[in-house]
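In what follows, a structure is listed as structure tokens, so that the remarks can point back to it.
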Amino acid sequence: MPESKSRIIDCSTVKPDTFTVPNVTVQELRNVIPPHCFRSSTTKSFFYVLRNVFAIAAIYTVTLLVDVCIDPSFISLPHPLAYSVSRFWVWAVYGFWTSVFAGALWIIAHDCAHQAFSESKLVCDITGLIIHTALGVPHFAWRISHAQHHRFTGHMGKDNFHVPATRSSLGLPPADSSEDDLLGSKVPNDAKTIIWEALGESPIATTYRCIVYAILGWPLYLCMNFLGPANYPKGTNHFNPNAIIFTPQQYWQVVWSNLAMVFWAAGLSIWASKRGIWEVLTVYGVPYLWLNHLIAITTLLQHTDPRLPRFRDPGFTFVRGALSTFDRPVLGDWDSCIARISTYVTHGILENHVVHHVCSKIPHYHAWAASAELRKFLHSRGIQSEGAPASWGEVFRILRECRFVEDEGDIVFYKNAHGIAQMRPVWGNGSINSDNA
Numbered sequence: 299m300p301e302s303k304s305r306i307i308d309c310s311t312v313k314p315d316t317f318t319v320p321n322v323t324v325q326e327l328r329n330v331i332p333p334h335c336f337r338s339s340t341t342k343s344f345f346y347v348l349r350n351v352f353a354i355a356a357i358y359t360v361t362l363l364v365d366v367c368i369d370p371s372f373i374s375l376p377h378p379l380a381y382s383v384s385r386f387w388v389w390a391v392y393g394f395w396t397s398v399f400a401g402a403l404w405i406i407a408h409d410c411a412h413q414a415f416s417e418s419k420l421v422c423d424i425t426g427l428i429i430h431t432a433l434g435v436p437h438f439a440w441r442i443s444h445a446q447h448h449r450f451t452g453h454m455g456k457d458n459f460h461v462p463a464t465r466s467s468l469g470l471p472p473a474d475s476s477e478d479d480l481l482g483s484k485v486p487n488d489a490k491t492i493i494w495e496a497l498g499e500s501p502i503a504t505t506y507r508c509i510v511y512a513i514l515g516w517p518l519y520l521c522m523n524f525l526g527p528a529n530y531p532k533g534t535n536h537f538n539p540n541a542i543i544f545t546p547q548q549y550w551q552v553v554w555s556n557l558a559m560v561f562w563a564a565g566l567s568i569w570a571s572k573r574g575i576w577e578v579l580t581v582y583g584v585p586y587l588w589l590n591h592l593i594a595i596t597t598l599l600q601h602t603d604p605r606l607p608r609f610r611d612p613g614f615t616f617v618r619g620a621l622s623t624f625d626r627p628v629l630g631d632w633d634s635c636i637a638r639i640s641t642y643v644t645h646g647i648l649e650n651h652v653v654h655h656v657c658s659k660i661p662h663y664h665a666w667a668a669s670a671e672l673r674k675f676l677h678s679r680g681i682q683s684e685g686a687p688a689s690w691g692e693v694f695r696i697l698r699e700c701r702f703v704e705d706e707g708d709i710v711f712y713k714n715a716h717g718i719a720q721m722r723p724v725w726g727n728g729s730i731n732s733d734n735a
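All residue numbers for the sequence shown refer to the working numbering, where the first residue is 299 and numbers rise by one.
Below, the structure is given as structure tokens:
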């Protein structure tokens with residue numbers, strides 16, 4: 299008995315912030331959104347397509363002109379190596395800004411997947427297929443899995459993207475309910491040590507995870523179910539029409555996506571054979587990697603934070619899932635001018651994400667007005683919808699603090715590498731149900 303008391307005293311105790319479980323309906327949320335926000339315009343949507351294509355063409359043209367001018371016959375530089383370095387930076391700038399406008403096109407294709415681009419489903423299907431294929435995305439296959447994500451956002455058993463690891467999936471020992479508060483407010487020091495030895499890492503290791511995640515996270519999700527449900531069979535991907543992601547009725551949609559991807563790969567191969575692999579890597583490959591980075595980081599910041607809940611039945615509802623995402627100001631650690639430009643170019647994809655989950659058929663050009671009204675309503679109900687500004691520092695923080703969730707509980711929050719959670723769920727009357735630990 300004395301040993302038991304000693305173990306209970308030898309604990310780390312914190313007081314998590316409270317998360318009031320939302321009790322609003324879909325209709326309440328949609329009623330505050332101006333009616334015009336639900337209407338799409340094919341003409342306006344195509345205007346944004348042309349704007350982004352023109353911008354990419356303009357960036358490429360200007361880059362070529364500047365590249366030609368970096369020559370001794372045009373400009374005198376202090377050292378011969380300075381010409382190569384200057385060209386490198388010119389094309390590096392090209393790669394970044396091309397990816398930003400390519401990201402804007404990706405977002406428009408995303409509108410197509412939700413039929414927010416046009417009232418015509420055929421127009422949405424054709425436009426989405428063309429744009430996403432050009433960006434290396436299997437449009438119809440991804441559209442199917444993305445629809446599942448929207449139906450069950452934040453559901454531990456049914457969401458299929460950014461699904462948290464659980465205590466058991468990481469091989470951690472079960473929590474001792476007599477000493478370890480499943481809410482994460484009290485953790486025995488010996489349990490903290492075990493968790494840290496399994497999950498703890500240096501800042502350098504976290505930085506490495508950030509880089510790998512940013513560059514490879516998106517293609518690995520498509521090809522290997524990275525960050526998808528752990529209970530999916532090994533080898534699950536977006537290219538196998540028989541994968542668990544799809545129903546038999548969706549078989550040919552996946553085949554059409556695959557056929558389009560064959561044309562994409564063939565086009566790049568022909569380009570490389572005609573003009574050389576170096577040109578393909580410089581003109582397409584670098585912006586493609588930047589685009590992968592933008593997609594991976596954007597979706598991580600939208601759906602992952604120690605303050606955002608995850609649900610199991612019966613704690614899950616569509617509304618609770620939709621509100622378990624964050625809006626974030628873009629590029630929080632960049633120059634404010636670049637941040638404002640990027641916000642405009644990327645159609646507010648980070649700033650207006652919550653309203654997108656409330657109603658995915660709102661086109662991006664109406665999302666600003668819809669989000670402003672929804673945010674006022676949510677604030678009046680005490681529901682937090684805004685996270686910290688998007689930045690690499692924020693990505694680093696999230697990867698450090700969001701390590702796993704408990705195997706039990708209808709409403710759970712991420713715990714860090716010490717087994718401590720920042721939040722605990724409470725109901726509107728302030729009570730904490732043990733089933734929702």
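Beta carbons: idealized from backbone N, C-alpha and C, even for Gly.
M721: member of the beta strand (DSSP E) spanning 721 to 724, first to last residue. Unbroken beta strand (DSSP E) runs of no fewer than 3 residues, entirely contained in the segment 444 to 502, are found at 484 to 486, following chain order. Going by C-alpha positions, R673 is about 10 Å away from N650. Linking V652 to D369 through their CA atoms gives a straight-line distance of about 50 Å.
For D705, same chain residues with a beta-carbon under 7 Å away, outside a window of 5 residues either side, are T464, R465, S466 in chain order. Put simply, the segment 517 to 537 touches the segment 430 to 439. At least three CB pairs are less than 8 Å apart. Annotation for P607: the continuous beta strand (DSSP E) segment containing it runs 607 to 609.
Apart from sequence neighbours up to five positions away, the residues of its chain that approach I647 with a beta-carbon distance below 7 Å are I405, T596, ordered along the chain. Between the segment 441 to 457 and the segment 611 to 625 there are three or more C-beta pairs closer than 8 Å, enough to call the two in contact.
Pairing P604 with E499 gives a Cβ-Cβ distance that is not under 7 Å.
Annotation: the continuous beta strand (DSSP E) that includes D315 extends over 315 to 318. Here L497 is near R701, since their CB atoms are less than 7 Å apart. In this chain, the alpha helix (DSSP H) harbouring V553 covers 549 to 573. Contact between I424 and L403 is ruled out by a C-beta separation of about 15 Å, above the 8 Å threshold. Around the CB of L348, fewer than 16 other CB atoms lie within 10 Å, so the residue is classed as exposed.
I373 is classed as exposed because its beta carbon has fewer than 16 other beta carbons within 10 Å across all chains shown.
A Cβ-Cβ distance of about 5 Å is found for the pair I660 and C335, placing them in contact under the 8 Å criterion. Taking 8 Å as the upper bound for CB-CB distance, R610 and D708 are in contact here, some 5 Å apart. Around Q446, the same chain offers N458 as residues with beta carbons nearer than 7 Å, after the five sequence neighbours per side are excluded.
By the neighbour-count criterion, in which 16 or more other beta carbons inside 10 Å mark a residue as buried, I575 falls on the exposed side. Between the C-alpha atoms of G469 and K713 there is a straight-line separation of about 15 Å. Between T361 and Y392 a beta carbon distance of about 4 Å is seen, short of the 8 Å cut, so the two are scored as contacting. Annotation: R608 to T641 spans about 28 Å, alpha carbon to alpha carbon. Between the alpha carbons of Y506 and I639 lies a distance of about 28 Å. Pairing V364 with V388 gives a Cβ-Cβ distance under 7 Å.
Between the alpha carbons of P471 and L514 lies a gap of roughly 30 Å. For F399, the enclosing alpha helix (DSSP H) covers residues 378 to 411. By the criterion of a C-beta distance shorter than 7 Å, V578 is surrounded in its chain by L566, W569, A570, once the five residues flanking it on both sides are discounted. In this chain, the alpha helix (DSSP H) harbouring V584 covers 584 to 601.
Across the structure, F345 and S339 are spaced so that their CA atoms are roughly 10 Å apart. Where V652 is concerned, there is no enclosing beta strand (DSSP E), although the alpha helix (DSSP H) around it starts and stops at 651 to 656.
By the criterion of a C-beta distance shorter than 8 Å, S418 is surrounded in its chain by T340, once the five residues flanking it on both sides are discounted.
Comparing C-alpha distances from Q682 to each of P314, P546, T318 shows the shortest one belongs to T318.
Non-local C-beta neighbours of Y381 in its own chain, meaning closer than 8 Å and more than five positions away in sequence, comprise I368, D369, P370, L375, ordered along the chain. Listed in chain order, the non-local C-beta contacts of T623 below 6 Å within the same chain comprise Q600, H601, H651, V652, H655, local neighbours out to five positions each way being set aside. When DSSP reads this structure, I639 sits in no beta bridge, so it has no partner.
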